[in-house]
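Counting from 0, one number per residue, gives the positions in the sequence shown under numbering that gives the first Met the number 0. Ideal Cβ positions, reconstructed from N, Cα and C, are used throughout, including at glycine. Written below as structure tokens is the structure these notes are about.
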Amino acid sequence: MMRKLVLLVVAAFILLPASAQLRRSELSVSYGFAPVTGWTDTYTQLVKELVSGHDTGLKGWGAVTVGYNFRLLNKLSLGVQVVYASNDRRFVPSASEGSAAAPGTVASHYWSVMPNLKWTWLNLRIASLYSRVAVGSTFSRAEAEERRASATDFAFQVSPVGLEVGGRLAAYAEAGIGASGCLVFGARYRF
């Protein structure tokens with residue numbers, strides 16, 4: 000899986016210089032609310048290995064995504080996006096552990112790398128509507144006191160509806176689900 004991902008990214012960057020001369024490229028930065036790393040913990044085993052006790056909840060701040068896309072066809076773009084998200088999970092000792100155990104916090108950091116496809120299905124002068132699909136890998140690291148654990152897992156982003164407003168510099172919003180978030184807001188620069 001990882002080997003295929005690396006080959007796909009390398010192929011995209013090999014094609015990049017030739018297509019950048021013929022097509023427009025875009026660089027984007029966004030913030031996403033409620034990424035999947037904030038409401039589902041696929042790394043539950045990592046957390047259990049670091050601390051024991053009763054989980055008091057997960058607190059995260061969202062996800063930041065930086066992406067690059069270039070147009071293959073008039074409506075189809077290929078690119079790659081890198082996502083960073085983090086969260087904290089607090090644990091209190093369970094009754095069976097007694098009062099000697101101290102509460103602990105597990106800090107988790109997630110880096111996702113995902114090649115993506117973007118299909119613009121309505122392109123007006125100032126606004127456009129599009130859909131985006133991305134798949135890749137998430138590299139996570141959990142830390143609790145002096146202990147650390149890491150894992151690699153499947154990452155995705157499916158945004159069936161995206162709205163972009165502007166020209167060379169544009170604002171955009173996407174609704175979907177995945178590593179970038181359920182509701183994503185950002186800015187895009189075309190060159």
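Take the alpha-carbon of residue 84 and the one of residue 72: they are about 32 Å apart. Closest by C-alpha distance to residue 32, out of 23, 146, 61, is 61. Contact check for residue 183 against residue 158 passes: the beta carbons are separated by less than 9 Å. Less than 9 Å separates the beta-carbon of residue 86 from that of residue 106. As a beta-bridge residue in DSSP terms, residue 86 pairs with 59, 107. Straight-line spacing of the CA atoms in residue 114 and residue 131 works out to 11 Å. Collapsing the DSSP output to three states places residue 135 in a strand. Close CB contacts of residue 163 within its chain, under the 6 Å cut and outside five residues either way in sequence, are with 127, 169, 171 (chain order). Per DSSP, residue 34 is not a residue of any beta strand (DSSP E), being assigned neither H nor E. Taken through DSSP and simplified to helix, strand or coil, residue 24 comes out as strand. The Cβ-Cβ distance between residue 66 and residue 27 falls below 9 Å.
Counting along the chain, residue 179 sits inside no beta strand (DSSP E), nor does DSSP assign it H or E at all. Counting along the chain, no beta strand (DSSP E) covers residue 190, and no H or E run does either. Sequence-distant Cβ neighbours of residue 180 in its own chain, meaning closer than 7 Å and more than five residues away, are 31, 32, 33, 34, 61, 62. Take the alpha-carbon of residue 174 and the one of residue 160: they are about 6 Å apart. When the alpha-carbon of residue 116 is set against those of 155, 167, 166, the nearest one is in 155.
The same chain holds no residue with a CB closer than 6 Å to that of residue 147 once the five nearest residues on each side in sequence are set aside.
With a cutoff of 9 Å on beta-carbon distance, residue 136 and residue 108 are scored as not near each other.
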